[in-house]
Amino acid sequence: MKTAERQFTTISGVPIEPLYGPEQLAGIDLAQQAPPPGEFPYTRGIHRDMYRGKLWTMRQFSGFATPEETNSRYRYLLAQGQTGLSVAFDLPTLMGYDADHPLSEGEVGKCGAAISSLEDMEILFREIPLGEVTVSMTINSPAAILWAMYLVVAEQQGVDWAKLSGTLQNDILKEYIAQKEYIFPPHPSMRLVTDTIEFGARHTPRFNPISISGYHIREAGSTAAQELAFTLRDGMEYVDWALARGLHIDEFAPRLSFFFNAHSDFFEEIAKYRAARKIWAHAMRERYGAASERSLKLRFHAQTAGCSLTWQQPYNNVVRTALQAMSAVLGGAQSLHTNSLDEAYALPSEQAVTIALRTQQVLAYESGAINTPDPLGGSYFVEKLTLDIEAAANDYIRRIDEMGGMVAAIEAGFPQSEIAAASYRYQCEVEAGERTIVGVNRFQQDDQPIELLQIGENSARHQCEKLDRLRARRDQARVTQTLDALKSAAQGSENTMPCILDAVRAYATLGEICDALRAVFGTYQETAHL
Amino acid sequence: MPVPIRVLVAKPGLDGHDRGAKIVARALRDAGMEVIYTGLRQTPEMIVNAALQEDVQVIGLSILSGAHNAIVPRVMQLLHESDMDDVRVIVGGIVPDEDAEALRKQGVAAVFQPGASLGSIVEFIRRNVREGQALR
Chain L
1 MKTAERQFTT ISGVPIEPLY GPEQLAGIDL AQQAPPPGEF PYTRGIHRDM YRGKLWTMRQ
61 FSGFATPEET NSRYRYLLAQ GQTGLSVAFD LPTLMGYDAD HPLSEGEVGK CGAAISSLED
121 MEILFREIPL GEVTVSMTIN SPAAILWAMY LVVAEQQGVD WAKLSGTLQN DILKEYIAQK
181 EYIFPPHPSM RLVTDTIEFG ARHTPRFNPI SISGYHIREA GSTAAQELAF TLRDGMEYVD
241 WALARGLHID EFAPRLSFFF NAHSDFFEEI AKYRAARKIW AHAMRERYGA ASERSLKLRF
301 HAQTAGCSLT WQQPYNNVVR TALQAMSAVL GGAQSLHTNS LDEAYALPSE QAVTIALRTQ
361 QVLAYESGAI NTPDPLGGSY FVEKLTLDIE AAANDYIRRI DEMGGMVAAI EAGFPQSEIA
421 AASYRYQCEV EAGERTIVGV NRFQQDDQPI ELLQIGENSA RHQCEKLDRL RARRDQARVT
481 QTLDALKSAA QGSENTMPCI LDAVRAYATL GEICDALRAV FGTYQETAHL
Chain P
1 MPVPIRVLVA KPGLDGHDRG AKIVARALRD AGMEVIYTGL RQTPEMIVNA ALQEDVQVIG
61 LSILSGAHNA IVPRVMQLLH ESDMDDVRVI VGGIVPDEDA EALRKQGVAA VFQPGASLGS
121 IVEFIRRNVR EGQALR
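Listed in order, the protein sequences are those of chains L and P.
Under this note's numbering, the first residue of the first sequence carries the number 1, and numbering increases by one thereafter.
Under this note's numbering, the first residue of the second sequence carries the number 1, and numbering increases by one thereafter.
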């Protein structure tokens, strides 16, 4: 095909012009759109000195099998120079089932660590000083319960809650939109999220009670603009609910954190992060009247794109991950997870996860990417992409506002069907050979098998036996009493966190606490549509 | 007009990753098949029941969580108990080679691993199920 006829587009399908120069930025006041880093609206970064002042946190998401095994992996990662922990929970935990629930069969410890009670959480952080490491927890529907377990472990270690630093994912909206690990219907779920935001504002001033996530939206097949728009509009929905609770914007907004995907289209991703900061800063100031500078600054974690990893020629994934990670660094991420080369197959082996961590270290210490903030600022191409993706996202945000907000849009299936359409369009382009995936639809060769992490059924047995022993030795009357108290709190409008903490301290299990809430809130089943 | 092939696309287990299931369902529909998508968190009992009710010739199971060794054998057993051995079961998702081999031995018609093309799935179903093929 001749160059003149060929369409060049980003991976999201946005057309790219043959050349970018001053004419693409005609009439744009760059000093206003992208002032120096550290200045509103923070297009070029939230700090004046960015990585010269402080590197991003290298935070590898991990968790598998039993809490005992995950605890050893954490201690290994910390010894290798990782600077923060990030807990992956297994599917039963994410769905609020104990390891011995019938629906947990075959799933215990497969996709993350199995945590059914405070006892498991104690084991998970054994010999890890919670006052010194920052911990991120990827948990959503039952987030309040797992957070309560974490707070009680901190209490046992003698760490003041005010000193705890970390992040709870706790982003239920993107569960309905993309990842689909929901338990309760949207309204009571939003109430639980608001309870944690309120509780955090009062008791854990350095802990992020929520990480508003575009990652899973993108993994589900959205475009970059959809990821940006749906994530930021989700953020506004949480703000609306917290304000309705009676909190003041500057009381909680500084602790709202974000989580974006670092996908394969290098420049589009950098533009996405820059636009994210800009849109959020404007929304916080103009839509919500935030006054504190900390409320205006969008801080984000990034993870390289799991969906871009290929099963074929898995070593190529190291290269993909490095490029994606570079986009997050050039885009000004505060923390970063790099995927391991074997993750199209399984949870990563220790060797694979070490290479992934080393990739970040090479970026930080060898590439020179940290020497100056936003090194691509002023690039005709990147500035134009930033303006375009900002406009596309704002258009979506306006449409969702018109629908009555994100909960209403989700109930109407709007973001879900936009994403499904985008993911099908992309897959058809791959199928037609219009998009190349190296080693998959071009440049194929026969593969040599790689060493994988195996998780057998022993973990499930171990977890179930531990639960049996726990149920036999705990004070059952106290369990019943705390669960009853939680049910009454859930029926009313008070904050549920204190009652959840009491139930956790009594060693009520995750499944029991979720059942108490299920009894009050009911469960959610989405209408399946293609 | 031949009667179109009827396919049930199902998401068993706790896994909520439905991108692949939805894409495959759309592709089969675009290829002229009648597709019923179950939605998430279906037990083997629900899936076999739906297959019976909807009178399908093919069941496609999408599993990305690693729970295939617990779920798929149960579906195969229930199909057998319901005299539905003629229903072709295909599995898509993150299934290691040795597990794929074991699933095929239990009667699974095909396992499609990551990177499998939509075309190969459509072609496999067309080759193995004739349009208008007489059912039970």
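Here a beta-carbon is modelled for each residue, glycine too, at the ideal position from N, C-alpha and C.
Closest Cα partner of residue i within the set the options
i         : options                                       : result
Ala322(L) : Gln334(L), Gln312(L), Gly332(L) and Gln303(L) : Gln303(L)
Leu467(L) : Thr43(L), Asp100(L), Gln525(L) and Ala344(L)  : Asp100(L)
Arg442(L) : Pro449(L), Leu452(L), Val430(L) and Glu451(L) : Val430(L)
Ser213(L) : Gly166(L), Thr231(L) and Thr204(L)            : Thr231(L)
Asn128(P) : Lys105(P), Val58(P), Pro96(P) and Gly32(P)    : Val58(P)
Arg474(L) : Ser86(L), Ile455(L), Ser117(L) and Arg435(L)  : Ser117(L)
Phe258(L) : Ala485(L), Ile145(L), Ala328(L) and Leu298(L) : Leu298(L)
Gly492(L) : Pro188(L), Ala143(L), Tyr288(L) and Ile139(L) : Pro188(L)
Arg104(P) : Ser117(P), Leu28(P) and Ile90(P)              : Ile90(P)
Gln324(L) : Phe266(L), Leu94(L), Leu347(L) and Asp447(L)  : Phe266(L)
Ala242(L) : Tyr288(L), Ser222(L) and Trp280(L)            : Tyr288(L)
Leu19(L)  : His462(L), Pro254(L), Tyr380(L) and Lys163(L) : Tyr380(L)
Leu94(L)  : Ile46(L), Met50(L) and Leu168(L)              : Leu168(L)
Ala545(L) : Glu418(L), Gly456(L), Gly96(L) and Gly378(L)  : Outside the displayed range of chain L (1 to 530) lies residue 545(L), so it cannot be described from this structure.
Leu510(L) : Val479(L), Glu526(L) and Leu530(L)            : Val479(L)
Asp250(L) : Arg202(L), Ala225(L) and Glu343(L)            : Arg202(L)
Proximal chain P residues relative to residue i, where beta-carbon distance stays under 9 angstroms
i         : result
Thr310(L) : Pro114 and Gly115
Chain-ordered neighbours of residue i on chain L, where CB pairs are closer than 7 angstroms
i         : result
Arg224(P) : Since the first residue of chain P shown is 1 and the last is 136, residue 224(P) is not available in this structure.
Leu118(P) : Gln427 and Glu431
Pro23(P)  : The question names Pro, yet the displayed sequence has Ile at residue 23(P). Those within 7 angstroms of Ile23(P) in chain L are Ser423, Tyr424 and Gln427.
Ala67(P)  : Gly106, Glu107 and Lys110
Residue i versus residue j: straight-line alpha-carbon distance, rounded
i         : j         : result
Phe252(L) : Ala393(L) : 24 angstroms
Phe199(L) : Asp18(P)  : 33 angstroms
Arg505(L) : Met497(L) : 12 angstroms
Gly306(L) : Ser211(L) : 18 angstroms
Ala26(L)  : Glu293(L) : 30 angstroms
Ser165(L) : Ile370(L) : 24 angstroms
Ala134(P) : Phe124(P) : A caution first: Ala134(P) carries a pLDDT of 45, below 50, which makes its placement in the model unreliable, though a value can still be read off. Distance between the alpha carbons of Ala134(P) and Phe124(P): 18 angstroms.
Gly131(L) : Met149(L) : 15 angstroms
Asp234(L) : Met406(L) : 6 angstroms
Cys464(L) : Ile145(L) : 20 angstroms
Ala178(L) : Ile410(L) : 10 angstroms
His256(L) : Tyr273(L) : With the sequence shown as reference, residue 256(L) is identified as Leu, and His is not the correct amino acid for it. Answer to the nearest angstrom: the Cα atoms are 16 angstroms apart.
Val87(L)  : Ser62(L)  : 5 angstroms
Met1(L)   : Gly433(L) : Bear in mind that a pLDDT of 49 at Met1(L), under 50, signals an unreliable position, so the model cannot answer this.
Leu486(L) : Tyr507(L) : 14 angstroms
Residue-chain proximity (residue i, chain P), Cβ-Cβ < 8 angstroms
i         : result
Lys110(L) : yes
Leu91(L)  : yes
Lys180(L) : yes
Val353(L) : no
Tyr176(L) : no
Tyr345(L) : yes
Ala225(L) : no
Met1(L)   : Interpretation of Met1(L) is limited by its pLDDT of 49, a score under 50 that renders its predicted location unreliable; no figure is taken from the coordinates.
Per-residue contacts from residue i into chain P (C-beta, under 7 angstroms)
i         : result
Met95(L)  : Leu14
Val440(L) : Gly115
Ala220(L) : Arg19
Ala420(L) : Lys22
Minimum Cβ-Cβ distance from residue i to chain L less than 8 angstroms
i        : result
Ser62(P) : no
Arg19(P) : yes
Ser82(P) : no
Pro96(P) : yes
Val7(P)  : no
Contact set between residue i and chain L, taken where Cβ atoms lie within less than 9 angstroms
i        : result
Leu40(P) : Lys180, Gln525, Glu526 and Ala528
Minimum Cβ-Cβ distance from residue i to chain A less than 8 angstroms
i         : result
Val319(L) : The structure shown contains no chain A; its protein chains are L and P.
Within chain L, partners of residue i - CB distance below 8 angstroms
i        : result
Ala70(P) : Glu105, Gly106 and Glu107
| Below 8 angstroms, can you find three or more Cβ-Cβ pairs linking the segment 158-175 of chain L to the segment 112-126 of chain L? | no
| task | Examine the Cβ distances between the segment 68-76 of chain L and the segment 509-529 of chain L and report whether three or more of them are shorter than 8 angstroms. | result | no
| said: Using 8 angstroms as the cut-off, can you tell me whether the segment 330-348 of chain L makes contact with the segment 357-369 of chain L, which would need three or more C-beta pairs spanning the two stretches below that distance? | reply: yes
| message | Would the segment 69-86 of chain L count as touching the segment 346-366 of chain L if we require 3 or more Cβ pairs under 8 angstroms? | response | yes
| So, do the segment 38-56 of chain P and the segment 1-18 of chain P have three or more beta carbon pairs nearer to each other than 8 angstroms? | yes
| request: Flag this pair as touching only if the segment 107-115 of chain L and the segment 63-72 of chain P have three or more C-beta atom pairs under 8 angstroms; answer yes or no. | output: yes
| query | Are at least three pairs of beta-carbons, each pair with one atom in the segment 275-285 of chain L and one in the segment 307-314 of chain L, less than 8 angstroms apart? | reply | no
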